[in-house]
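As structure tokens, the structure follows; a few thoughts come after it.
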Amino acid sequence: MAITAADVKALREKTGAGMMECKKALTEANGDAAEAEKILKEKGLAAVAKRAERATSEGRIFVRQNGNKIAVAEVTCETDFVAKNADFIALGEKILDIVFEKGYTKVEKELEDLVLELATKIRENMSLRRLEVIDVPAGSVASTYVHSDFKTGAVVVVEGSDSDDVKVFAKDCCLHLAAFTPSYTTKEEVPQSYIDEQKEIFKAQMAQDEKMASKPENVKAGILQGKINKHLAEICFVDQMFVKDDKVSVAKKLEEVSKAVGAKLSFKKVALYILGK
Numbered sequence: 633m634a635i636t637a638a639d640v641k642a643l644r645e646k647t648g649a650g651m652m653e654c655k656k657a658l659t660e661a662n663g664d665a666a667e668a669e670k671i672l673k674e675k676g677l678a679a680v681a682k683r684a685e686r687a688t689s690e691g692r693i694f695v696r697q698n699g700n701k702i703a704v705a706e707v708t709c710e711t712d713f714v715a716k717n718a719d720f721i722a723l724g725e726k727i728l729d730i731v732f733e734k735g736y737t738k739v740e741k742e743l744e745d746l747v748l749e750l751a752t753k754i755r756e757n758m759s760l761r762r763l764e765v766i767d768v769p770a771g772s773v774a775s776t777y778v779h780s781d782f783k784t785g786a787v788v789v790v791e792g793s794d795s796d797d798v799k800v801f802a803k804d805c806c807l808h809l810a811a812f813t814p815s816y817t818t819k820e821e822v823p824q825s826y827i828d829e830q831k832e833i834f835k836a837q838m839a840q841d842e843k844m845a846s847k848p849e850n851v852k853a854g855i856l857q858g859k860i861n862k863h864l865a866e867i868c869f870v871d872q873m874f875v876k877d878d879k880v881s882v883a884k885k886l887e888e889v890s891k892a893v894g895a896k897l898s899f900k901k902v903a904l905y906i907l908g909k
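Listed below in structure tokens is the structure:
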């Protein structure tokens, strides 16, 4: 059966494969477009399988709010070029469409198949690395943010009031998270093992300081605790200096906004999403 340029073009538009690949597949399939598509898909799957062990360190964070729910998806790929590809971006948005449509709260096979379909077409290793759905309680304010490089996203939900002042505060908190990338929300979340490790590091640094050698042990203990407190304030969200007012901590700013709106506010959800972490 003769293979026309129109046949090749139609198969290319449907599969995204190269012109020569489409022509070879049509020739192998004796002009049967469906069979040629199957051949290309099999070859694409084989190519993806070969790349399965390759690192997917690029990609995008997708965040969307729909009513009282927020969905966050992290889709990864091998190269920054693919991460900027229109089909890759459409894939992330399609995943969120399906999540809201079907009420998915975790990675389901349907979503994995969507990723595999594009990976087969582009022949680059991809994965849906993370999917989270956040409920927003009534009377709360939710804010979301995705940085311009799409590699950092943030979600903040503040309970207690849905006033405009709280909306502004929640948005600023998202910007704060993206700017200062705290490791924890509060000191209570920090593992004791991490604190013990930091203590050993600070002790070693103090032992190398000649001025410390003559100080009483109780003074050294106080200095050590001061270093730990300062370090925790640097890595815990509520203790960091607020991005829009570096004279007060996030916790203090929360108190100020609570007083201004006449309601007791609290953080229901504070989440930072960094690609690959």
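Taking the working numbering, the leading residue of the sequence shown gets 633, the next gets one more, and so forth. Glycine included, every Cβ here is placed at the ideal spot set by N, Cα and C.
Simplified DSSP state of residue i, which is helix, strand or coil
i	result
GLN837	helix
MET758	coil
ALA705	strand
ASP664	coil
ALA903	strand
PHE694	strand
GLU645	helix
ALA786	strand
ILE635	coil
SER689	coil
THR776	strand
TYR826	helix
VAL765	strand
GLU710	coil
GLU740	coil
CB-CB length for residue i against residue j, believed under 8 Å
i	j	result
ARG696	ALA715	18 Å between Cβ atoms; not a contact.
VAL789	VAL768	6 Å
VAL880	PHE812	Rounded, the Cβ-Cβ distance is 14 Å, inconsistent with contact.
ILE702	VAL640	The Cβ separation is near 44 Å, so there is no contact.
ILE906	LYS783	7 Å
ILE855	MET838	7 Å
VAL893	VAL798	6 Å
Environment of residue i [buried if 16+ CB atoms lie within 10 Å]
i	result
PHE694	buried
SER898	exposed
GLY724	buried
THR737	exposed
ASN698	exposed
ALA705	buried
PHE713	exposed
ALA770	exposed
LYS885	buried
VAL882	buried
ALA678	Low local confidence applies: a pLDDT of 46 at ALA678 is under 50, so the model's placement there is unreliable, with the coordinate-based value given in what follows. With fewer than 16 other Cβ atoms within 10 Å, it is exposed.
ALA668	buried
LEU742	Before going on, a small fix: residue 742 reads as Glu here, not Leu. It is exposed - the Cβ of GLU742 has fewer than 16 other Cβ atoms within 10 Å.
ALA810	buried
GLN872	buried
GLY908	exposed
GLY785	buried
ALA634	exposed
THR752	buried
Okay, do the segment 798-808 and the segment 773-782 touch, 3+ Cβ pairs below 8 Å being the bar?
yes
Using 8 Å as the Cβ pair cut-off and three pairs as the minimum, do the segment 716-726 and the segment 748-758 touch?
yes
Determine, using beta-carbon pairs with one atom in the segment 859-874 and one in the segment 841-850, whether at least three such pairs fall under 8 Å.
Three or more beta-carbon pairs separated by less than 8 Å are not found between the segment 859-874 and the segment 841-850, which leaves the two stretches without contact.
Is the segment 876-895 close to the segment 819-828, with three or more CB pairs under 8 Å?
no
Identify every run of the beta strand (DSSP E) within the segment 855-889, keeping only runs that are complete inside it and at least 3 residues long; order them along the chain.
877-881
Give a yes or no on contact between the segment 854-864 and the segment 831-840, applying the rule of three or more CB pairs nearer than 8 Å.
yes
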